[in-house]
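Trainee: Protein sequence lines, in the order shown, are assigned to chains L, R, E and F.
Residue numbers for the first sequence follow numbering that gives the first Met the number 0, beginning at 0 and rising by one.
Residue numbers for the second sequence follow numbering that gives the first Met the number 0, beginning at 0 and rising by one.
Residue numbers for the third sequence follow numbering that gives the first Met the number 0, beginning at 0 and rising by one.
Residue numbers for the fourth sequence follow numbering that gives the first Met the number 0, beginning at 0 and rising by one.
Just so you know, even glycine gets a beta-carbon here, dropped at the ideal spot from N, CA and C.
Quantities reported herein were computed from a predicted structural model and do not represent experimental measurements.
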Amino acid sequence: MDQFKGASLDCLRSTRPVFRGLDFDLPAGGALVLTGPNGSGKSSLLRLMAGLLPPAGGTLSWNGEPVAEDPDAHRARLAYLGHLDAVKPALTAAENLAFWAQLEGADPATAVGPALDALAIGHLADLPARFLSAGQKRRLNLARLGLGKAVLWLLDEPATALDVETISRLRDLIHRHRDGGGMVAVSTHSDLELKDAVNLDLGQYTVSAARAAAEETAA
Amino acid sequence: MLNYFANPRRFMKLSGILTPWMAGATLILAGAGLYLGLFASPADYQQGETVRIMYVHVPAAWMALFCYTGLAISAAVGLIWKHPVADVAARASAPIGACFTFLALFTGALWGKPMWGTWWVWDARLTSMLVLFFLYLGYMALNSAFDDPQRGTKASAILAMVGFVNVPIIKFSVDWWNTLHQPASILRMDGPTIHPDMLWPLFLMIGAATTYYLWVLMLRMRRDLTEGRVRARRQIQAEEAGA
Amino acid sequence: MTGFRAILERDLRLALRQGMDSVMVVMFFVIAVVLFPLGVGPEPNTLARIAPGVLWVAALLSVLLSLERLFHNDFEDGSLELMALSPPSLEVVVLAKVLAHWLVTGLPLIIAAPVLAILMNMPADGFALLILALLLGTPALSLIGAVGAALVLGSRRGGVLLALLILPLFIPVLIFGVGAVEAAIGGFPARAPLLLLGAIFAATLALCPWGAAAGLRQALE
Amino acid sequence: MDTISKFLEMGGYAGYVWPSYLAVFGLLGVLLWLSLRGLKAAETDLAQLEGPDGKAARRQASPAADGAPDT
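#1: Where does Arg-187(R) land, buried or exposed, given buried means 16+ other C-beta within 10 angstroms?
#2: Do you know offhand how far Gln-149(R)'s Cα is from Thr-14(L)'s?
#3: Spatial neighbours of Val-29(F) within its chain, please: C-beta separation below 6 Å, excluding the five flanking residues on both sides.
#4: Mind the definition here: the stretch 89–107 of chain R touches the stretch 127–145 of chain R only if three or more C-beta pairs lie below 8 Å; say whether that holds.
#5: Looking only at its chain, what residues have a beta carbon closer than 8 Å to the beta carbon of Pro-219(L), apart from the 5 residues adjacent to it on each side?
#6: Where does Tyr-34(R) land, buried or exposed, given buried means 16+ other C-beta within 10 angstroms?
#7: For Tyr-138(R) and chain F, any beta-carbon pair shorter than 8 Å?
#8: Starting from Ala-31(R), trace the alpha helix (DSSP H) both ways and give me its first and last residue.
#9: Mapping DSSP to helix, strand and coil, what is Asn-198(L)?
#10: Does Val-215(R) get closer than 8 Å to chain F when you measure Cβ to Cβ?
#11: Report the neighbours of Gly-28(F) on chain R: residues whose CB is nearer than 9 Å to its CB, in chain order.
#12: May I ask you to report which of helix, strand or coil DSSP gives Val-183(L)?
#13: Check whether the Cβ of Ser-4(F) lies closer than 8 Å to any Cβ atom in chain R.
#14: Return the chain-ordered ranges of every alpha helix (DSSP H) run that is complete within the stretch 54–99 of chain E and spans a minimum of 4 residues.
#15: In chain E, which residues lie with their C-beta within 8 Å of the C-beta of Asp-219(L)?
#16: Beta strand (DSSP E) containing Thr-91(L): first to last residue?
#17: Quick one: what does DSSP say Val-39(E) is sitting in, helix, strand or coil?
#18: How is Tyr-211(R) classed by DSSP in three states: helix, strand or coil?
#19: Who are the neighbours of His-56(R) on chain F, taking C-beta pairs under 8 Å?
#20: Distance cutoff 8 Å, beta carbons only. Does Asp-20(E) sit that close to anything in chain L?
#21: Between Ser-186(L) and Lys-4(L), how many whole angstroms is the CB-CB distance? I'm expecting something under 8 Å.
#22: Measure the C-alpha to C-alpha separation of Thr-49(R) and Met-21(R) and round it to an integer number of angstroms.
#23: Considering only DSSP beta bridges, list what Phe-23(L) is partnered with.
#24: Please identify the residue among Gly-179(L), Gly-134(L) and Val-150(L) whose C-alpha is closest to the C-alpha of Thr-159(L).
#25: Use the C-beta contact count for Met-0(E): other C-beta atoms within 10 angstroms, 16 or more gives buried, fewer gives exposed.
#26: Between the Cα of Gly-186(E) and the Cα atoms of Cys-207(E), Ala-212(E), Pro-122(E) and Leu-152(E), which residue gives the shortest distance?
#27: Identify, in the order they occur along the chain, each residue of the same chain with its Cβ nearer than 8 Å to the Cβ of Ala-201(E), setting aside the five sequence neighbours on each side.
#28: Taking 7 Å as the limit between beta carbons, can you name the residues of its chain near Pro-94(R), skipping five residues before and five after?
#29: Could you tell me the distance, in whole angstroms, from the CA atom of Asp-9(L) to the CA atom of Arg-9(R)?
#30: In this structure, does DSSP put Ser-60(L) in helix, strand or coil?
#31: DSSP on Trp-176(R), reduced to helix/strand/coil?
#32: Does any C-beta atom of chain F lie closer than 8 Å to the C-beta of Lys-12(R)?
#33: Tell me whether the beta-carbon of Gly-23(R) lies closer than 8 Å to the beta-carbon of Pro-200(R).
#34: Along chain R, in chain order, which residues have C-beta atoms closer than 7 Å to that of Pro-246(E)?
#35: Which residue from Leu-33(L), Leu-126(L) and Gly-38(L) puts its Cα closest to that of Met-48(L)?
#36: If we cut at 8 Å on Cβ distances, does Pro-94(R) have a partner in chain L?
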């Protein structure tokens with residue numbers, strides 16, 4: 000059984016401390032919901048989990064092995080969804096998705112169709128992405144999750160710009176993923192209502208600049 | 000050793016002690032060098048009195064390279080071992096090095112006019128010095144081009160390392176190009192061996208330039224670190240005002 | 000390797016569909032070269048004398064002009080971040096994008112160069128060497144430029160800044176590129192400058208993907 | 000008097016030698032002055048923020064904090 004763990008993680012943005020001493024534990028099939036006020040570092044934590052942002056302190060580990068020792072393996076097992084949709088307007092919806100499928104080593108011929116259908120945009124497959132609405136682009140980006148290889152999903156506010164129906168589709172997608180032993184970390188404002196999700200309130204790890212300065216003086 | 004100086008507080012303490020010594024050393028060395036260079040040394044039998052430009056030109060040219068080496072090493076240390084003081088040192092070195100490079104070019108032109116009859120020749124040394132000047136400007140421009148100063152530091156550190164690999168290649172290519180274009184014989188700057196009476200003021204002035212670099216480097220680093228603390232204080236205020 | 004091909008194919012497809020990129024770069028190249036006879040005067044011997052240098056400088060500026068967009072679009076729309084998180088390493092991503100960039104911009108320049116050489120009255124002895132030198136030199140320019148393009152991502156005034164950073168580093172390629180052509184025209188062996196150009200290409204191929212990847216990593220933090 | 004003017008003439012090369020020295024000492028002097036001034040300014044700022052009257056200065060800087068405590 001897989002396990003993704005973070006121990007006493009520190010995060011700096013530029014020179015500003017964001018959070019300190021953060022721990023989390025994400026078992027196979029688990030879901031972690033990140034909450035906290037603006038600026039408490041929800042996006043930063045997800046970027047840190049993805050390996051885009053190196054932690055200023057602490058370690059991330061996968062099944063007990065530090066993630067930093069094998070970044071290639073870590074990239075191969077994660078799917079990240081950020082604020083930007085990464086959709087190329089000049090390519091069709093299917094071509095956009097096929098590219099990501101190829102990068103992940105999946106077969107585009109078999110993977111793309113079902114992934115589009117999972118978010119009910121199969122009928123848009125051959126439409127150039129420049130004709131898609133904001134919500135449809137978002138769904139196209141979400142469809143990457145259905146390509147199937149990633150064990151660890153890192154979703155940064157996936158529910159923004161989605162209608163109720165699509166949110167429930169996303170919820171189903173996440174449930175199926177977890178049933179298959181996958182894990183997911185979500186930052187969210189609007190509640191996705193994931194069952195048996197562990198709530199991680201980042202507000203409690205926030206460091207004030209005053210405290211950081213005081214500790215530095217003491218050091 | 001590196002870890003020891005990586006602590007900004009320790010650096011502030013140490014540089015506080017060293018700064019006045021560097022200031023004193025610069026003044027003494029420059030004073031002695033000027034006296035020997037302007038009064039006590041003879042004029043060159045070929046170049047006449049213009050040889051006295053050498054006492055400011057050669058130190059400037061030497062420091063142009065010295066500062067770039069210092070910059071590149073600091074940048075590498077800051078990038079690889081993440082020492083905050085090294086980043087500050089790299090940033091502080093750049094304007095000093097750029098000044099020395101400019102001065103080397105400027106005094107070179109003033110020396111070249113009476114000696115070669117022209118302000119500027121596309122000589123290998125002049126050309127590679129000019130390129131070095133551009134590299135300094137690029138480093139400083141990149142360093143200040145970002146809203147997040149941390150990004151500027153990292154991006155320009157990578158540039159400094161790329162430049163450091165490139166400087167010998169550029170130097171070599173310019174040498175090669177120059178030998179193709181014009182014979183080097185007219186442009187011999189390093190004429191006959193230097194008279195010992197000229198060597199002493201030259202050494203003193205090089206020493207003065209080096210201590211000047213360390214002096215201003217420490218001043219600029221202290222300023223950067225102090226400004227960092229000011230920013231941190233302001234942030235605390237902003238938080239208190241918001242709470 | 001499938002990752003490399005996927006990125007290459009995607010970038011080429013994008014360039015074909017929306018890109019006037021190739022056309023624009025070649026047009027800039029042509030206009031820049033044409034300015035020289037207008038500025039220097041139409042005297043054939045003068046033009047022939049400066050032709051190799053003018054062609055190389057114009058090629059260098061054309062490459063520079065197109066470099067700014069190398070990572071920029073993918074950075075803005077979030078694709079770069081996802082590529083950085085995909086299984087192929089960032090160095091492979093850089094290599095694939097540089098190859099696509101060179102096919103789209105470098106290659107058309109090389110095809111246009113002999114035509115412009117005729118306009119510049121360049122002696123025919125130099126044509127083969129001009130093409131050979133450009134074939135070795137322009138990929139090196141793209142590779143060096145990739146490092147700069149990665150470093151200026153997200154900065155203010157990206158384009159001007161890129162020129163300031165990259166042009167000094169282009170100098171060796173310029174010197175040996177022109178050297179090869181002039182040697183051929185003058186009837187000297189062009190082996191040495193060509194070998195040096197090859198060495199520069201090999202060195203940039205080994206080092207620049209690493210430097211560009213480092214630049215991208217800090218841009219994505 | 001004669002020796003001084005002879006010295007200043009620099010064997011006829013005064014127009015080259017003295018501008019060199021002037022440029023070097025002038026530019027390096029300006030750089031030094033700017034660096035010193037920058038350091039002084041930063042130190043004054045810090046002293047104002049950290050000093051015994053730092054609290055008072057803080058109040059003045061952010062009057063909104065007293066008026067609207069819960070925002």
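Mentor: Based on what the coordinates show:
#1: With a pLDDT of 49 at Arg-187(R), under the threshold of 50, the modelled position of that residue is not reliable, and no figure is offered here.
#2: C-alpha separation (whole angstroms): 7 Å.
#3: Correct list: empty, nothing qualifies.
#4: Short answer: they touch.
#5: Chain L is shown only over 0 to 218; residue 219(L) falls outside these bounds and no answer can be derived.
#6: Under a 10 Å Cβ-count criterion, Tyr-34(R) is classified as exposed, with fewer than 16 other Cβ atoms of the shown protein chains found around its own Cβ.
#7: No - not a single Cβ of chain F is within 8 Å of the one on Tyr-138(R).
#8: Here the alpha helix (DSSP H) through Ala-31(R) covers 7–34.
#9: Per DSSP, reduced to three states, the secondary structure at Asn-198(L) is strand.
#10: Judged by the 8 Å Cβ criterion, Val-215(R) is in contact with chain F.
#11: Proximity of chain R to Gly-28(F) at the Cβ level (cut-off 9 Å) is not reached, the minimal Cβ distance being about 10 Å.
#12: In the displayed model, Val-183(L) falls within a strand according to three-state DSSP.
#13: Taking Cβ atoms only, chain R never reaches closer than 8 Å to Ser-4(F), which makes this a no.
#14: Within the stretch 54–99 of chain E, the complete alpha helix (DSSP H) runs of at least 4 residues are 68–75 and 78–83.
#15: Past the boundaries of the shown model lies residue 219(L); chain L is included only from 0 to 218, so the question cannot be answered.
#16: Segment: none, Thr-91(L) is in no beta strand (DSSP E) and carries neither H nor E.
#17: Of the three classes helix, strand and coil, the one that applies to Val-39(E) here is helix, per DSSP.
#18: Helix, per DSSP.
#19: Residues of chain F passing the Cβ test: Ser-19.
#20: Taking Cβ atoms only, chain L never reaches closer than 8 Å to Asp-20(E), which makes this a no.
#21: Rounded, the Cβ-Cβ distance is 18 Å, inconsistent with contact.
#22: If you draw a straight line from the Cα of Thr-49(R) to the Cα of Met-21(R), it is about 30 Å long.
#23: Gly-5(L).
#24: Of the candidates Gly-179(L), Gly-134(L) and Val-150(L), the one whose C-alpha sits nearest the C-alpha of Thr-159(L) is Gly-134(L).
#25: Exposed: under 16 other Cβ atoms inside 10 Å.
#26: Minimum Cα distance to Gly-186(E) is reached at Pro-122(E).
#27: Excluding residues up to 5 positions away in sequence, nothing lies with its Cβ nearer than 8 Å to the Cβ of Ala-201(E) in the same chain.
#28: Excluding the 5 residues flanking it on each side, Pro-94(R) has same chain C-beta neighbours closer than 7 Å at Met-139, in chain order.
#29: So the two alpha carbons sit approximately 24 Å from each other.
#30: Strand, per DSSP.
#31: Trp-176(R): helix per DSSP, three-state reduction.
#32: No, because no Cβ of chain F sits closer than 8 Å to the Cβ of Lys-12(R).
#33: No, they are not a contact pair.
#34: Nothing can be reported for residue 246(E), as the shown portion of chain E is limited to 0 through 220.
#35: That would be Leu-33(L), whose Cα lies nearest to the Cα of Met-48(L).
#36: Any Cβ of chain L closer than 8 Å to the Cβ of Pro-94(R) would place that residue at the interface, and such an atom is absent.
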